[in-house]
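Notes to accompany the following structure.
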Amino acid sequence: MFNKILIANRGEIALRIVRACGDLEVPSVAVFSDVDRVSQHVRYADEAYHIGPADARLSYLNGEKIIEVARQCGADAIHPGYGFLAENADFAEACMDAGLTFIGPSPESIRMLGDKIAARELAKSVGIPVLEGSPEVHSIDEAMALAESIGYPVMVKAAAGGGGRGIRHVLSPEEFPGAAARAIQEAQAAFGNPAIYLEKYLHDIRHIEVQIIGDQFGNVVPIGERECSIQRRHQKLIEECPSVAVTPDLRRALGRAAVRLARAANYHNVGTVEFLLTESGDYYFLEMNTRLQVEHPVTEMTSGVDLVKDQILVASGEELPYDEVELLTRGWAIECRIVAEDPFNNFLPSVGRVVLAREPAGPGIRVESALYDGMEVTPYYDSLLAKVTAWGRNREGALNRMKRALNEFRLVGVATNIPYIQQVLDLPDFREGRIDTGFLDRHEVKPDEHLAELREVSEIAALLFVTAGDGVRNGNGSASNGHPGAAQSSWREQMAGIGSRRGMGRWPRSI
Amino acid sequence: MAEKYLVRLEDEDVSFEIEPDDGGFRVRREGSEQWSWARLERIGDSNLHVVLLDHHPIEIYLERRRGGVYATVGRHIFDLDVGPWRPPGTRTGPRDGTQSRAARIIAPMTGSIVEVRCEPGQTVEAGEVLLVIESMKMNNELRSPSDGIVASVPVKPGQRVNAGDLLVALEAGEG
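Top line first, the protein sequences correspond to chains A and B. Here the working numbering is used: the first residue of the first sequence is 8, the next is one more, and so on. Here the working numbering is used: the first residue of the second sequence is 11, the next is one more, and so on.
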């Protein structure tokens, strides 16, 4: 096992890795930028080092600096989390050259699978169906000719892509030049590589992915699928394990395919093979993500496996502690990504201070976040605030717990997508599991129905707050005067009947 | 005898009657026949409060400011003035009610301009994308709030902007 692990990330995933280190009793080292000085991942780690300004290019993406810190503090391994340097083959190689273990697959595997076109070819070579597509293209004219031959609609994707960036769905030749230009621009901005490729676009498809883990002895084990069809602008919003659409036979087939691809890429550590699944049960390889996935908790909740701990174990040279037949999944898990975006204002990011954060808890609920009272949501990093995962014996049980948990979540100071997720969870098609990647496009945000009630509540609260606090009233009914005890003792619960003018359930319970 | 207060929110005055009652208060909103019973409790030393309104507990975050309160409940932040009741004639009415015929598109967050899709003199429709701004690694489309003519676009692609900066000024179109 390692002597010390440096975590080259921030936010909830850095905290998740700090916790895995704690479970393994390996000291953890956090790194932080100017704006993360008091972040939770810093406070919970055993050591912490400043690595630069808020701009990620000069801090969390500064591989040289991170390797230097690792060497100076005596760390012998680096965990990249997801995003930032996680799929950067050059960084993985630089770690090796510096005598550090990169907790992830080999640079060769990352390079091979990170090239989306090479990965498609590799998948094809081991008998995994792929969608009709194009090689890498650099000009719009060339791309347009290929789009004609594939046939509309097509997807335009960044060759160096991932994370849903640089993807355009094009319905007709008229739209093509503009959409392709934007995809090229986004690919250049996000990955420093403007190359794009095309893929046939399918309707009514699900996004299903298979978690795998491999050790350095050639053992590769699939750990079930995740249903990730609920996406907005190609960003996953709700993930489940298992999927209602995956039969035991299909699960076996997808698992086998994922393992074949991993073996062909000489893969070790955790990875995710993404597939598109049609209504008729045909599946196509999409891409392989060579890292820990944001939505890994749903797999952990149903399998009991600790993916972060196990990826550290296999990186340190240990053999996988289980094989496929030993893994039993139990029940159903659903994860919702809570992001600082305002669903009632075109999902614009909401920056500012989280003045109050109270996370849900209770049976079957797991929250991954790095939230704390006073946390600043800055424009520098992604907008993920928390991941709420609910486990239940079956899908309905998990869903009901999720709804309860989101009702409990208190976040003051920034707008979040919680009200939108609550709407989605209530949609009959979602409850029935009739979902596909176009689901959210067909279900627009409904206007906020509670505004008038909330307005009235706030008026009354403000009235009580000000009148009691100014000493206008004697305050025997209000704790705002600083005597909560007195207020408590005068409490008598005999007011039933008065003023229940609109009946129970009128006041929304969420804050 | 109930006392009367005015609560002002977004230029709208609402009068309330309030009197102590059974450890809390009876409250009646202007125009309502019925009284509600309410009590406010502070949670520890934080600004978090719970208002028990007709026996329904609702958590609300209250921050005092001069002459009033910022109240956060759900995703909403309400900026409320609270003062003694005055007869309607003496109240400050709503600010100039005539709608300005110009619209300003303001940067909703700090970020950088990715794309400008409009130019001065151009006629635009409500909902049309005028600019794309990147923040938190996401491209966000900013749409025109109304039909109009672009008066000015004081930003360029690649430029960093702060929340509140003017991005596009619009004039109302013909008719």
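No residue lacks a Cβ here, since even glycine has one placed at the ideal position from N, Cα and C.
In this structure lysine 394/A touches glutamate 342/A by the C-beta definition: roughly 6 Å separates them, less than 8 Å. Closest in alpha carbon position to glutamine 44/B, among Ala117/B, Asp64/B and Val178/B, is Asp64/B. Only residues of its own chain outside the window of five on either side were considered, and among them Asp317 and Leu320 have a CB closer than 8 Å to the CB of proline 328/A, listed in chain order.
Interface annotation, leucine 176/B: not in contact with chain A, CB-CB separation never under 9 Å. In this structure, DSSP gives threonine 474/A a helical state, which the three-state scheme calls helix. Closer than 9 Å to the CB of histidine 214/A there is not a single CB belonging to chain B. Using a CB distance cut-off of 9 Å, lysine 166/B does not count as an interface residue toward chain A. With respect to the 9 Å criterion, aspartate 62/A and tyrosine 387/A are classified as neighbours on the basis of their beta carbons. Around phenylalanine 354/A, the same chain offers Glu348 as residues with beta carbons nearer than 6 Å, after the five sequence neighbours per side are excluded.
The beta carbons of isoleucine 70/B and valine 315/A sit about 38 Å from each other, so the pair does not count as a contact at 8 Å. When only Cα atoms are considered, alanine 84/A and aspartate 313/A end up about 19 Å apart. When Cβ-Cβ separations below 9 Å define contact, phenylalanine 198/A makes no contact with chain B.
Three or more pairs of CB atoms, one per stretch, sit closer than 8 Å, so the stretch 135 to 152 of chain A contacts the stretch 187 to 199 of chain A. Comparing C-alpha distances from glutamate 40/B to each of Glu27/B, Lys147/B and Ile87/B shows the shortest one belongs to Glu27/B. Identification of chain B residues near histidine 457/A by a Cβ-Cβ cut-off of 7 Å yields Gly84, ordered along the chain. Excluding five sequence positions before and after glutamine 223/A, the CB atoms of its chain that fall closer than 7 Å to its own CB belong to His275, Val321 and Gly324, given in chain order.
Annotation for histidine 214/A: Cys235, Ser236 and Thr444 place their beta carbon closer than 6 Å to its own, counting only its chain and skipping 5 residues before and after. Methionine 409/A: member of the alpha helix (DSSP H) spanning 402 to 415, first to last residue. Boundaries cannot be given for isoleucine 442/A, as no beta strand (DSSP E) includes it and DSSP labels it neither H nor E.
Sorting Ala412/A, Ala422/A and Ser310/A by C-alpha distance to the C-alpha of glycine 231/A places Ser310/A at the top.
Secondary structure of methionine 162/A (DSSP, three-state): strand.
Within the stretch 366 to 393 of chain A, Pro386, Tyr388, Asp389 and Ser390 place their CB atoms closer than 7 Å to a CB of chain B, listed in sequence order.
Closest by C-alpha distance to glutamate 71/A, out of Ile245/A, Ile58/A, Asp256/A and Ala126/A, is Ile58/A.
By the beta-carbon neighbour count (other beta carbons within 10 angstroms, threshold 16), glutamate 375/A is buried. Note that the C-beta distance between glycine 173/A and isoleucine 157/A is not below 9 Å. Under DSSP, methionine 382/A forms a beta bridge with Val361/A.
The beta carbon of glycine 158/B lies closer than 7 Å to those of Ala113, Val134, Leu180, Glu181, Ala182 and Gly183 in the same chain, with the five residues before and after it left out. Cβ proximity to chain A below 7 Å picks out Pro118, Met119, Thr120 and Gly121 from the stretch 108 to 133 of chain B. The continuous beta strand (DSSP E) containing serine 122/B extends over residues 121 to 126.
Considering only Ser66/A, Val42/A and Pro60/A, the residue with the shortest C-alpha distance to isoleucine 14/A is Ser66/A. By DSSP's assignment, isoleucine 203/A forms a beta bridge with Val144/A and Ala165/A.
By alpha-carbon distance to alanine 161/B, the top candidate from Glu144/B, Pro155/B and Pro130/B is Pro130/B. Per DSSP, threonine 297/A is not a residue of any beta strand (DSSP E), being assigned neither H nor E. The bridge partners DSSP lists for proline 67/B are Leu62/B. Under the 10 Å beta carbon count, alanine 136/B is surrounded by fewer than 16 other beta carbons and is classified as exposed.
For tyrosine 427/A, the uninterrupted alpha helix (DSSP H) run begins and ends at 425 to 433, by DSSP.
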